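Structure, as structure tokens:
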Amino acid sequence: MDYELNVVMLACVNMIAVLGLAVFTGFTGLFSLGHAAFVGIGAYTSGVLTYHWDVPFFFALTAGTAAAGLSSLVIGIPTLRAKLRSDYFAIAILGFGEALRVCLENLSVTNGARGLSVSELSGPGWIVGTLILSLLVTRNFLKSRFGALFVAIREDPTAAEMAGIDLFRMRLLSLAVSAALCGASGALLAHRLAFIQPVMFTLTQSTQLLASVIAGGIGSISGPVIVAFVFTALPEMLRSLDMWRLPAYGLLLVLIMIFRPQGLLGYRELPDLFRRRQ
Amino acid sequence: MTAPEHPRSPGASLPLQSEASSPLLQVRGLTRSFGGIRAVESLSFDAARGGITGLIGPNGAGKTTVFNLITGVYRPTAGTISLNGVDLTAKRPHEVVRAGVSRTFQNIRLFNRMSCLENVMVPLFARGRSSLGAFFRTPFVREEERRTREKALAVMEEMGLADAAHRPASTLPYGLQRKLEIARALACGLLVQGPRLLLLDEPAAGMNDAETRELGEVIVKVQKDFDVTVMLIEHHISLVMDICTHIAVMDRGALLAEGPPQAIRSDERVVAAYLGRPRGRGAGGKTEFERKGNDAHDR
């Protein structure tokens, strides 16, 4: 039972990070190969706070979220101002992620590459609560004028600019919100696993986040979130297949891309499916 | 001819106006090079307040580049652009929009996956005031959304697009997509204080004669109802001659001629540059240019 609960909790933590990337990639139309860095910033900020100073978990979680959101400005301001095309931006942020890993490995406050053993503070209540709050707040945000502006930018940046949208500010806002959600996910992850290490937040993890968003569907919240759950839970459920579980994971991705190139729920949400048949 | 032209003035030249109005748009010495190529070279012209100014010229004359320079997509190599006395030269595109300039594109650029109504709401949302409340869907956010929706719907009704409000923009027939793009550009000006300039880049491209005529009526109506100044690039000479109060002709990046339609129609240089050598034809002795203008069979 403990094992199943752990898997579900990890899946929920992952869902928050994927939700974050869905805002940026799915709605604003920019690709990122570095969002795991924001998960790492959230994890380390909160972890360092609780490890060294015994900060209450609520404040550590808040600080992790805020730190990730603010750090996104460091990479966002120079790259988004330059109007780097989507694929170049993905590369720039990949560099940011790798630079962060090197920093984490060489700082003493993070205990370097050996990793940091923090307390297990985020119980199921924290995780499920944060997930539900994140989903509600993100849904509201994307339903608001900002959501419409993001989608306009994704659909046609030139036309969006000529509709009076400040591309730089809106893309930066999207990145900050998306990074903050990843930061919250990181804080929960650190205090769930009770151990964090710089290698947990590298390109591999960024790629998995992006794979979930693409497979779940661009322009959808529910699609990526569902896929994030499946992608975390499935490898665990397939442990009996031993070494075949990774090919199975890859096969699933390939099948989604063949049969649903728009993703599980491209440009739609789960409730739309039921509304349609009246 | 730098003096402002009275809208629809029948005379060929009226250097003095009773209204003390300077031109809305003033372009002076505008130059833009791409590498060694001068796409636009020391171009100066005006667009009179409330008029419909046509910008015509052969392919590659630099007309769209002028639009891109006015809207801040390109920075001029030299020269100035001012709207109602406000310098636009160094402004970024969204700032130019906020100063009162909006445009449509040669190849239609709609937000395809959004509904038609949302397309028109976007420019209004871009100037919205809600911020953090958006995360919590506060009453202010809902109220702003409701008002924005109403304003956008009013524009769509004016353009005869109300029935299509909730269809995805990509499902509209071609002619309506053109109209929707104009509606979106008009919405950009709704929240602007002061005069507004609407730039239309080949709005009648790909339309047949009947559709072109209808579009001409729409442009004239829009110009009056929304009290905007219109400038359009167009290859349908009949349309330009019918609705424009003033015409500027470009060739190879420079201004070739400027004046009211009657003067342009008979300008030798324009006829030569635009359509090749004038040709006498039959007893009527019309130039090819005039025939085209009259018969509307240009395309």
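Residue numbers (our numbering), protein chains in the order written: chain C, 43 to 320; chain Y, 997 to 1295.
Heads up, the beta-carbon is just placed ideally off N, CA and C, and yes, glycines get one too.
Computed from a prediction, not measured in an experiment: that's the story for all the values here.
- Judged by their CB atoms, C/Val-60 and C/Leu-215 are not nearer to each other than the 8 Å cut-off.
- At a beta-carbon threshold of 7 Å, none of the residues of chain Y lie near C/Arg-127; the nearest stands roughly 16 Å away.
- If you look at Y/Leu-1194, you'll find it isn't in any alpha helix (DSSP H); it sits in the beta strand (DSSP E) that goes 1193-1197.
- At a Cβ-Cβ threshold of 8 Å, Y/Met-1152 and Y/Leu-1113 count as neighbours.
- Y/Thr-1067 carries a coil assignment under DSSP once its states are collapsed to helix, strand and coil.
- Nearest CB-CB separation between Y/Cys-1184 and chain C: below the 8 Å threshold.
- Y/Pro-1164 is bridged by DSSP to Y/Ser-1111.
- Straight-line measurement puts the Cα of C/Phe-210 at about 14 Å from the Cα of C/Asp-198.
- Ranked by how close their Cα comes to the Cα of C/Ala-85, the residues C/Arg-234, C/Leu-295, C/Arg-287 have C/Arg-234 in first place.
- By the Cβ neighbour-count rule, Y/Gln-1189 is exposed, with fewer than 16 other Cβ atoms within 10 Å of its own.
- The residues Gly-259, Ile-260, in chain order, have a CB closer than 6 Å to that of C/Gly-308 in the same chain once the five nearest residues on each side in sequence are set aside.
- With 16 or more neighbouring CB atoms inside 10 Å of its own CB, Y/Asn-1115 falls in the buried class.
- The CB of Y/Thr-1067 comes closer than 8 Å to the CB of Met-204 in chain C, given here in chain order.
- Around the C-beta of Y/Asn-1103, fewer than 16 other C-beta atoms lie within 10 Å, and the residue is accordingly described as exposed.
- Not flagged as an interface residue toward chain Y: C/Gly-225, since no C-beta distance is shorter than 8 Å.
- Shown here, C/His-233 sits in a helix according to DSSP, grouped into three states.
- Here the alpha carbon of C/Ile-207 sits roughly 43 Å from the alpha carbon of C/Gly-157.
- Inter-residue distance for Y/Arg-1143 and Y/Pro-1119 is about 13 Å (C-alpha atoms, whole angstroms).
- In the three-state reduction of the DSSP assignment, C/Leu-158 falls in the strand class, which pools E and B.
- Not a single C-beta of chain C is nearer than 8 Å to the C-beta of Y/Arg-1145.
- When 7 Å is used as the limit between beta carbons, Y/Pro-1072 is near no residue of chain C, the shortest such separation being about 18 Å.
- In the structure shown, Y/Thr-1241 adopts coil according to DSSP, grouped into three states.
- Comparing alpha-carbon positions, the option among C/Gly-71, C/Ile-58, C/Cys-224 lying closest to C/Asp-129 turns out to be C/Gly-71.
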